[in-house]
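To start, the structure itself, in structure tokens.
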Amino acid sequence: MSVISWAPPCSSASSPWTTPSGGRRPTTSSPPPCTCCRPAPSGPEGGSSPASSAWASRSKQAANQHGGYRNALSRLDTLLRDRLAGHLAAERNRTAREDSAIPVEYFDLISGLTGLGRYFLAEPASPDALGDVLRPLVAMTEPVQAAGGRLPGWYSTLPSAEGSRLHVLTPGLAHGISGPLALLSLAWTRGHRVPGQDAAIRRIANWLMSWAAEDEAGPYWPSLISAAEERSDPRPPVRAHRASWCYGAPGVARALQLAGRAVGEERWTRCAVDAVHAVHRRSDGLDGLTDAGLCHGLAGLAQATACVAAEAADSLLLREAERVFRRVCDAYDPATTFGYRAYDPVRRQRTDPPGLLEGACGIALALHAHLDPARRRRPAWEAVLLLS
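When we follow full-length UniProt numbering, the leftmost residue of the sequence shown carries the number 1, and every step to the right adds one.
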């Protein structure tokens with residue numbers, strides 16, 4: 001299943017993400033469901049677990065710290081190198097077809113190059129494979145001609161109700177361009193650099209800054225941007241996405257903060273911190289977070305807030321993270337299978353996943369990271385979320 005098949009139709013005349021000018025900040029009445037926890041696509045770009053590449057980075061770090069599991073990690077490394085080769089082959093085929101639209105699952109954190117890159121960046125790093133990831137990510141930031149005009153090179157297409165293809169751009173961290181930005185920035189900071197990487201970081205970050213809409217609380221970003229909106233001058237009013245890690249302001253803000261740190265752009269880091277403050281300033285800032293999970297729930301917001309706050313040494317944001325973590329604790333229900341239930345927006349029902357992104361495992365990790373009095377630094381497992 002395509003990771004972007006949920007999107008609503010739009011037209012150049014009237015986009016569902018654009019609202020009349022002059023009003024208050026628009027809110028997303030029915031946020032699109034995230035697809036982080038669905039099966040990955042089949043074929044060379046797929047895998048048995050959508051989060052396997054990113055999660056493998058933590059397994060690699062743990063084995064490096066404590067020893068053991070060498071044979072298993074060797075097989076895992078071979079598997080992920082084969083997956084990388086499949087991605088690159090698919091990209092060559094796309095280029096040969098002269099198809100300028102890039103599937104989100106090619107580059108995103110969950111199924112694509114960004115998740116693979118985070119694995120190859122984890123210590124001990126694999127510079128050769130990491131370079132094979134960074135180079136195409138840099139290349140796809142170059143502008144292209146599409147749909148009758150100029151668009152950022154990472155644009156994708158969606159099916160419309162009429163059967164045509166819509167050209168869209170996604171800012172988010174899990175499935176959008178903030179994922180590559182975070183990876184390029186982390187790699188740059190750690191000395192893993194390829195030609196054009198600095199320019200690519202600046203190109204993406206400046207694009208995100210151009211789409212940082214403002215209300216009385218502060219900056220926010222939409223979840224999707226149409227080609228017509230991208231070409232509008234000035235930028236049109238857009239709807240805010242819910243404050244989730246996957247598509248919302250917390251994830252985008254962390255990517256901007258990492259980019260600002262990497263290349264010394266304080267304007268980006270200030271915007272990032274202000275955007276997370278804005279989430280907590282809004283009376284409806286937590287609306288749409290329908291469960292306690294990491295992906296699109298309270299734990300993800302709390303973890304991202306704490307991460308941004310720690311780097312910025314922002315005591316007020318740390319208190320806001322504490323407030324959200326208390327809400328996570330309050331949501332515990334001992335009558336359920338694992339203590340927490342998730343909301344499946346596709347089937348529109350509650351489920352009992354035990355896993356990382358939506359389930360009790362991720363919530364437990366977030367609570368442990370917050371409550372552990374011995375912690376001295378950010379938990380290494382945050383790499384799975386591309387927060388570090």
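Cβ atoms here follow ideal geometry from the backbone N, Cα and C, with glycine treated the same way.
If you're wondering where the values come from, they're calculated on a predicted model, not measured in any experiment.
CA-to-CA, the gap between alanine 369 and aspartate 352 works out to about 22 Å. Distances from the alpha-carbon of leucine 286 to those of Arg270, Leu385, Glu320, Leu357 put Glu320 closest.
Nearest neighbour of serine 111 by Cα position, chosen from Pro180, Lys60, Cys361, Gly362, turns out to be Pro180. Secondary structure of arginine 326 (DSSP, three-state): helix. Here histidine 66 is exposed, its C-beta having fewer than 16 other C-beta atoms within 10 Å.
Taking all protein chains in view, the Cβ of serine 57 is crowded by 16 or more other Cβ atoms within 10 Å, so the residue is classified as buried.
Counting C-beta atoms within 10 angstroms of its own C-beta, aspartate 132 has 16 or more neighbours from the protein chains shown and is therefore classed as buried. Glycine 191 carries a coil assignment under DSSP once its states are collapsed to helix, strand and coil.
Per DSSP, reduced to three states, the secondary structure at serine 160 is coil, with no helix or strand assignment. Around the Cβ of tyrosine 155, a 10 Å sphere holds 16 or more other Cβ atoms; the residue is buried. The shortest C-alpha to C-alpha distance from alanine 383 to any of Phe120, Leu76, Arg94, Arg70 is the one to Phe120.
Classified as exposed, cysteine 329 has fewer than 16 neighbouring CB atoms from the shown chains inside 10 Å of its CB. Here DSSP, grouped into helix, strand and coil, assigns glycine 260 to helix. In the assembly as shown, arginine 239 is a buried residue. Its beta-carbon has 16 or more other beta-carbons within 10 Å. Linking threonine 290 to alanine 96 through their CA atoms gives a straight-line distance of about 43 Å. In the assembly as shown, glycine 260 is a buried residue. Its beta-carbon has 16 or more other beta-carbons within 10 Å. One alpha carbon belongs to histidine 280, the other to arginine 341, and they sit about 24 Å apart. With fewer than 16 other Cβ atoms inside 10 Å of its own Cβ, proline 124 counts as exposed.
When secondary structure is reduced to three states using DSSP, tyrosine 119 falls in the helix class.
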